[in-house]
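Have a look at the structure below before the remarks.
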Amino acid sequence: MSYERSVSAEPHELSPETVWEVRMPAVRVGAGAADELGYQLGQLGLSGDERGLIVTDSDLVSLGHVDRVADELAADGLDVDVYDGVEREPSVEAVGECISFVREEMGDDGYDFYLGLGGGSCMDTAKATRAVIANGGDVLDYVAAPTGAGEDLTESGAPLILLPTTAGTGSEISPVAILSVPEKNIKEGISSPHVRADAAVLDPTLTTTLPPDLTAKTAMDALGHAIEGYTTHRYDDLLRPEDPADRPVYAGRTGFTEMFSEKAIDLLSSNVRRVVNNGDDIEARGAMLKGALFGAIAGLTAGASLAHAMAYPVGNNYHTYHGETIAALTPASTLGYNVASDPPRFAKVAEMLGADTSGMSTREAADEAREEFVRLQQDLNVLPSGLNELAGITDDDVGALAESTVESQQRLLRCNPRPVTTEDVEEVFRDALYNWE
254 MSYERSVSAE PHELSPETVW EVRMPAVRVG AGAADELGYQ LGQLGLSGDE
304 RGLIVTDSDL VSLGHVDRVA DELAADGLDV DVYDGVEREP SVEAVGECIS
354 FVREEMGDDG YDFYLGLGGG SCMDTAKATR AVIANGGDVL DYVAAPTGAG
404 EDLTESGAPL ILLPTTAGTG SEISPVAILS VPEKNIKEGI SSPHVRADAA
454 VLDPTLTTTL PPDLTAKTAM DALGHAIEGY TTHRYDDLLR PEDPADRPVY
504 AGRTGFTEMF SEKAIDLLSS NVRRVVNNGD DIEARGAMLK GALFGAIAGL
554 TAGASLAHAM AYPVGNNYHT YHGETIAALT PASTLGYNVA SDPPRFAKVA
604 EMLGADTSGM STREAADEAR EEFVRLQQDL NVLPSGLNEL AGITDDDVGA
654 LAESTVESQQ RLLRCNPRPV TTEDVEEVFR DALYNWE
C-alpha cells in the first residue's frame, strides 16, 4: 500500500500545512439541560408553533426518555412526531426508511426541526435524514464512490439538535454519519459540514438507564477517540492542499486538540469504574459525558487512527458493538504497534491513565500504557478479553480482516502515526486475539 502524507497534494508540492480549524455545534451541558429544549430551539430561530421529529429507537421509548422530551416540547407549544425505527449500526436502507417516513408525513420539505435522541445510531440516522431531506435525492447520492454517487451536500436544512443517551460515540459533534452497507459488508459515511448538527445537549440524566456493559463499551470508544487523537500525527506533518476545500476532516493534532485529549483521558479513565458500578451516579455520569465530548473534539478533529480503521471490518463481518471492538483492539494497535512512533508521548498516556511510571525508562513507561488500559478493562469486568472472546475470531481470520482494513480504511490509516502494511495489520490483529488470559 502507499502511505500518503496528504490526500490532496501532488507529490511535488511539499509545502507543509500551516492552517487548522475547529468547528462545533452549540453545546449545552448539565443535569436538566434537556428541559431547556424549547428555549434552545428558539435560539435556533423557531417561533413556537413548528412541527418537529424525534429520531430514536424503541428501547428509548420504553424507558420513557422520548415522552420526557416530547412533553417538554409540548409545554413550549411545539408539536413533535416520533420515528422509533432506528436500528443498531444503521444501514443505508434503514436510513432510507426514516427519510421515507419524513416525506410521507411532511412532503419533500420535511419537518421544521429534528431531534436525534439516543446513541450513535440514532444520532447518525437523524443527521443523515436531515441532510438528505434538505438536499433531495436518496442516501446513496451522498455516499462516496464507488458505493454511492459522491455528490456534495450544499444545504444543512432545518435545525437539528442531538441528545446523546450514551457517553462515547462523539456523533453529537461530528460532521459524519456512519452507515452500513450489508450487501458489501462495509461501512460508509456521509461526510460534510452540512451533516453536523446545529446543537448538542449533554444531560447526564438521560444516561442513567444505560446498563453497565453498554456504559463500558461506549466509554471505550470515547477513550479510543481521546488516545488516538493525542497520538496521531501533527497537523503540520501533512501537506497543505492547493484548495482549502480539499483539507481533510481528520487534519492532525494541534495544541488545542491535545488539551482536550488530556482532559478526556483523565475524566473517562477516572470515572468509568464509578458509572459501571453505580449507574445513578449523576456526578460521574456528567464527567463521562464531558470526557466523551472532549475526546470527540480531539479525536474527530485530529483524527482517529489504526484501532478505528481495524474496528470497521470486524464490526461489518461479525456485527459487534463498535465500542467493545475498540476495547479489544486498542491494546495491540494504539497502545502496542503505535508506541514506537513516539515513546515519550505514550509515556504521558500511561501517566494519564493512572500508571505509576516512576523509576521506568521512557520506553518502559510507554509500554505501561497498554498494561494500564488492560487493567482498566479487567476492573470493569464486562468487556471481552480480546477478539477471540468478542466474536470467536481466530488466527485463520486475520488475513482477510487485515486485507479489508487496508483496502477500505485509507481515510483513517492516513492518520496513523506509524505507517502500516497489510502484514503489519495482520500481526496487530493476531496480537489482539487475547489481551489477557
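Sequential numbering from 254 applies to the sequence shown in our numbering. For every residue, glycine included, the Cβ atom is placed at its ideal position computed from N, Cα and C.
Cβ separation of residue i and residue j, assumed to be a contact under 8 Å, to the nearest whole Å
i: L491; j: A475; result: Not a contact, Cβ separation roughly 25 Å.
i: L744; j: A472; result: Residue 744 is absent from the structure shown; the chain starts at 254 and stops at 690.
i: K440; j: A580; result: So it is not a contact: roughly 18 Å between Cβ atoms.
i: S514; j: A545; result: With a Cβ gap of about 12 Å, S514 and A545 do not count as contacting.
i: D534; j: R527; result: 5 Å
i: G228; j: V308; result: The question about residue 228 has no answer, for the chain in this structure spans 254 to 690.
i: V385; j: I426; result: No, V385 and I426 are not in contact; Cβ-Cβ is about 20 Å, not under 8 Å.
i: P596; j: T615; result: 5 Å
i: D466; j: S424; result: The pair is not a contact, with the Cβ atoms about 20 Å apart (cut-off 8 Å).
i: A537; j: V280; result: Contact flag wrong, Cβ pair sits at about 20 Å.
Best match in the options for proximity to residue i [C-alpha to C-alpha]
i: S311; options: G372, A581, A551 and G301; result: G372
i: F366; options: D391, V333, E342 and S444; result: V333
i: C375; options: S353, A685, G360 and L432; result: L432
i: Q296; options: Y687, I307 and P278; result: P278
i: L273; options: R493, E625, P637 and G532; result: The sequence as given places Trp at residue 273; Leu does not occur at that position. Residue R493 is the option with its Cα nearest to W273.
i: S344; options: V314, Q662, N569 and D466; result: N569
i: L316; options: Y483, M359, L640 and T458; result: T458
i: D391; options: I443, R341 and T418; result: I443
i: Y571; options: A603, A644, E625 and N531; result: A644
i: N438; options: D499, I646 and T400; result: T400
i: E436; options: A618, R276 and E346; result: E346
i: P417; options: A397, D405, H447 and T460; result: T460
i: E342; options: R664, V434 and N669; result: V434
i: T462; options: T419, A498, S445 and D499; result: T419
Distance CB(residue i)-CB(residue j) smaller than 8 Å
i: A387; j: S409; result: yes
i: V348; j: P428; result: no
i: L666; j: A593; result: no
i: L294; j: P412; result: yes
i: G548; j: A517; result: yes
i: E679; j: A557; result: no
i: D329; j: G285; result: no
i: G305; j: G421; result: no
i: V627; j: N688; result: yes
i: L640; j: A600; result: no
i: D701; j: V355; result: Because the chain is modelled from 254 through 690, residue 701 falls outside the range shown and cannot be assessed.
i: T510; j: A555; result: yes
i: L406; j: H447; result: yes
i: Q630; j: Y565; result: no
i: G612; j: E625; result: no
i: E303; j: L331; result: yes
i: A622; j: A603; result: yes
Neighbourhood of residue i by C-beta distance below 7 Å, restricted to the same chain and skipping five residues each side
i: D620; result: V592
i: M254; result: In this predicted model, M254 has a pLDDT of only 34, less than 50, meaning its place in the structure is not dependable enough to derive any value.
i: R671; result: Y590, N591, A593 and S594
i: E358; result: D334
i: T573; result: V567, L643 and A644
i: R383; result: Y367, G410, A411 and L413
i: S268; result: L492 and R493
i: E257; result: Low local confidence applies: a pLDDT of 46 at E257 is under 50, so the model's placement there is unreliable, with the coordinate-based value given in what follows. R667.
i: E221; result: The structure shown has nothing for residue 221, since the chain only spans 254 to 690.
Same chain, Cβ closer than 6 Å to residue i, five either side skipped, listed in chain order
i: V282; result: L455
i: I550; result: F513
i: Y488; result: E270, W273, A504, G505 and T507
i: A585; result: V681, D684 and A685
i: V260; result: Interpretation of V260 is limited by its pLDDT of 42, a score under 50 that renders its predicted location unreliable; the figure taken from the coordinates is listed afterwards. Hits under 6 Å: P501.
i: A450; result: P278, L413 and L415
i: L633; result: A469 and V529
i: A381; result: V348, A430 and I443
i: H486; result: G505 and P670
i: I646; result: L640
Residue-level contact to chain D via CB, residue i, 8 Å cutoff
i: A504; result: Of the protein chains in this structure there is only one, and it is not chain D.
Cβ-based neighbour list, residue i, same chain, cut-off 8 Å, excluding 5 preceding and 5 following
i: T587; result: G477, I480, E481, T484, S558, L559 and A560
i: M605; result: E515, I518, D519 and S522
i: P464; result: G532
i: E325; result: A287, D288, L290 and G291
i: G216; result: Within the shown structure, residues of the chain are numbered from 254 to 690, placing residue 216 beyond reach of any answer.
i: G403; result: Y395, V396 and A397
i: V339; result: V308, T309, D310, A347, C351, G371, S374, C375 and T378
Heavy atom of the ligand PLP within 7 Å of residue i beta-carbon
i: R341; result: Of ligands this structure carries none, so the ligand PLP is not represented either.
field: Complete runs of the alpha helix (DSSP H) confined to the region 381-416 [at least 4 residues]
entry: none
Ranges of the beta strand (DSSP E) found wholly within the region 291-323, counting only runs of at least 3: 304-308
field: Residue ranges of each beta strand (DSSP E) within the region 342-383, 3 or longer
entry: Counting whole runs of 3 or more residues, the region 342-383 contains the beta strand (DSSP E) stretches 366-371.
Alpha helix (DSSP H) segments (min. 4 residues) lying fully within the region 621-654: 640-644
field: 4-residue-minimum alpha helix (DSSP H) runs that sit fully inside the region 558-587, ordered along the chain
entry: 559-571 and 575-582
query: What runs of the alpha helix (DSSP H), each 4 residues or longer, lie entirely inside the region 484-565?
result: 508-530 and 535-555
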